[in-house]
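Peer 1: Handing you this structure, nothing more for now.
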Amino acid sequence: MIPRSERDGVRRAVEALLESSSTLFITGAGVSADSGLPTYRGVGGLYDVETTSEGYAIEEILTAETLQHDPALTWKHLLEIGKACHGATFNRAHQIIAEAETCFERVLVLTQNVDGFHTEAGSKKVIDIHGDMRELVCTRCDFRECVSSDSEPRIPPPCPQCDSVVRPDIVLFGEMLPAHKSERLYNELRMGFDVVFSIGTSSLFEYIAWPIHLAKDTGKCTVEINPVETSVSSLVDIRIPLGASAALEQIWDHYRRMRA
């Protein structure tokens, strides 16, 4: 039996969606939890070790500086992250978010995850603000390649064009967010969204919490889906303390029945 508070949250979220034409989904590691991926703290939520076997903090190893001076060390731990994605794929939460694009005039996904599951599930408007582990780029030339999450490259992998080191196209610790993605996010937020969902993220980064604050300031509906309280829990209009797939499945089922 679903607690009454959760049922009320689902009902209110559905009512907001029925009156909206645009929706923003902000997603974190909790959305991929049902795919078997961990919800740890590191890059894309996929690293659970603070101090590595080499005696360094993971924030020291997964940096552009270490990649430049000791690429084998950085790549060793990048592959540990990659192993978490082996054999995994998108889940029902990703599918529902993708299906939402057929029901609203504007739908945008802002994700911190680097697993690429939103795109695999069919979402077309995705800002993967931290990048995608499967996209490899050369540190010197314009070489770019999309690889399988199950692939295991030579460490460190050489660029086939210039023999320089190749790296995943992700934001490492201490790096700036990609300017073109930040600008796109800013432009989308400037247009506004009727409903803003925060799903499976602790919202610790300013640019992840900012859309919630902006929606509140402009009187738009905000919804948080997360089993645990976060930095935005006290701000949102509707809080549903469930996992991503369980909550979205209920919301989507009720929404489609009401819309039919």
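The sequence shown begins at 871 in my numbering and counts up by one. From the three backbone atoms N, C-alpha and C, an ideal C-beta is built for every residue, glycine too. Keep in mind the model is a prediction, meaning the values are calculated, not measured.
What are the boundary residues of the beta strand (DSSP E) that residue 1078 is part of?
Peer 2: Taken as a continuous stretch (DSSP letters only), residue 1078 belongs to no beta strand (DSSP E), being part of the alpha helix (DSSP H) at 1076-1087.
Peer 1: Roughly how far, in whole angstroms, is the beta-carbon of residue 896 from the beta-carbon of residue 1067, given that I think they are within contact range, below 8 Å?
Peer 2: So it is a contact: roughly 6 Å between Cβ atoms.
Peer 1: What residue range is occupied by the uninterrupted alpha helix (DSSP H) comprising residue 987?
Peer 2: It spans 987-991 - the alpha helix (DSSP H) in which residue 987 sits, taken as one unbroken run.
Peer 1: Among 979, 1012, 986, whose alpha-carbon lies nearest the alpha-carbon of residue 996?
Peer 2: Considering only alpha carbons, the answer is 979.
Peer 1: Buried or exposed: where does residue 1016 fall if 16 or more other Cβ atoms within 10 Å of its Cβ makes it buried?
Peer 2: It counts as exposed.
Peer 1: When you compare only the Cα positions, how much space is there between residue 1128 and residue 1065?
Peer 2: Roughly 17 Å between the two C-alpha positions.
Peer 1: Nearest to residue 1124 by CA position, among 883, 875, 1077, is which residue?
Peer 2: Selected option, being the one with the closest Cα: 883.
Peer 1: With a 10 Å radius around its C-beta and 16 neighbouring C-beta atoms as the bar for buried, classify residue 965 as buried or exposed.
Peer 2: Residue 965 comes out buried.
Peer 1: Starting from residue 1042, follow the alpha helix (DSSP H) in both directions and report where the run begins and ends.
Peer 2: Premise fails: residue 1042 is in no alpha helix (DSSP H) and is neither H nor E.
Peer 1: DSSP beta-bridge partners for residue 1067?
Peer 2: DSSP lists 895, 1093 as partners of residue 1067.
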